[in-house]
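In the numbering used here, the protein residues as written are 16 to 220.
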Amino acid sequence: MFRFLMEWLRDPGGTAAIAPSGKALVSLITQHIDKWTGPVLELGPGTGVFTQGLVTRGVAERDLTLVELNQTFAAILRRRYPCATVLGLDAAELSSDQDGRTREFGAAVCGLGLRSMNTRQIEAIMRAAFGRMKPEAALYLFTYGRRCSVPDDVLDRLGLVAERVGTTLRNVPPASVYRIFVSQPRGDAPALLTSATTCKCGTAS
Numbered sequence: 016m017f018r019f020l021m022e023w024l025r026d027p028g029g030t031a032a033i034a035p036s037g038k039a040l041v042s043l044i045t046q047h048i049d050k051w052t053g054p055v056l057e058l059g060p061g062t063g064v065f066t067q068g069l070v071t072r073g074v075a076e077r078d079l080t081l082v083e084l085n086q087t088f089a090a091i092l093r094r095r096y097p098c099a100t101v102l103g104l105d106a107a108e109l110s111s112d113q114d115g116r117t118r119e120f121g122a123a124v125c126g127l128g129l130r131s132m133n134t135r136q137i138e139a140i141m142r143a144a145f146g147r148m149k150p151e152a153a154l155y156l157f158t159y160g161r162r163c164s165v166p167d168d169v170l171d172r173l174g175l176v177a178e179r180v181g182t183t184l185r186n187v188p189p190a191s192v193y194r195i196f197v198s199q200p201r202g203d204a205p206a207l208l209t210s211a212t213t214c215k216c217g218t219a220s
């Protein structure tokens, strides 16, 4: 908590949240992911609150790829999860060979502060993530707002659907979780495989 607060004070825009996510939100965002999901991608894990939730759900550390731009948080993640792959880079820069493997992810969890980003940045992140995911895989994200933090026009352009999983009031502040997935999974979806525009993104978890 102290390290998270110090990073927020140093870069509030990049860190996005004022506190790590609570247990209720962790449970809500990870409830559909387990050891049978296969490799899992996490964007903006911060200090690893959702990461620990995934491990508790049965996801093996070696199946985790953690993308964290904040180098202080990335160093913490490498110490806490030595068997996981930790990439200290922008989420929109994730490519098929970035981690030295061509793995396809069975699910993704996003802890990035998307509401503080513009449409172009959000679209770049969604393209990068879904370009590495299996056709039937879903991305789970949380938001403090009343609507999904991925704009409707981005969802439409990429052929994605967002559905609300649930809301928890036992978080500071209260948060909702959304599941985002490809509306008609197919292997030739060019919109999701188009290279993303580079952006610089903070973390919210």
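Glycine residues also receive a C-beta, built at the ideal position from the N, C-alpha and C atoms.
Note that this is a predicted model, so its numbers are computed, not measured.
- Under the DSSP assignment, residue 36 falls outside any beta strand (DSSP E); it carries neither an H nor an E label.
- For residue 62, no beta strand (DSSP E) run applies, since DSSP gives it neither H nor E.
- Here the alpha carbon of residue 62 sits roughly 13 Å from the alpha carbon of residue 41.
- A direct Cα-Cα distance of roughly 30 Å separates residue 36 from residue 172.
- Residue environment analysis places residue 122 among the buried positions, since at least 16 neighbouring C-beta atoms fall within 10 angstroms of its C-beta.
- Straight through space, the alpha carbons of residue 135 and residue 67 are spaced by roughly 30 Å.
- Counting only runs of 4 or more residues that sit fully inside the stretch 120-198, the alpha helix (DSSP H) segments are 134-145, 167-173, in chain order.
- Note that the C-beta distance between residue 127 and residue 99 is not below 8 Å.
- Per DSSP, residue 109 lies in no alpha helix (DSSP H) segment and is marked neither H nor E.
- Of the residues 158, 176, 45, 105, the one whose Cα lies closest to the Cα of residue 86 is 105.
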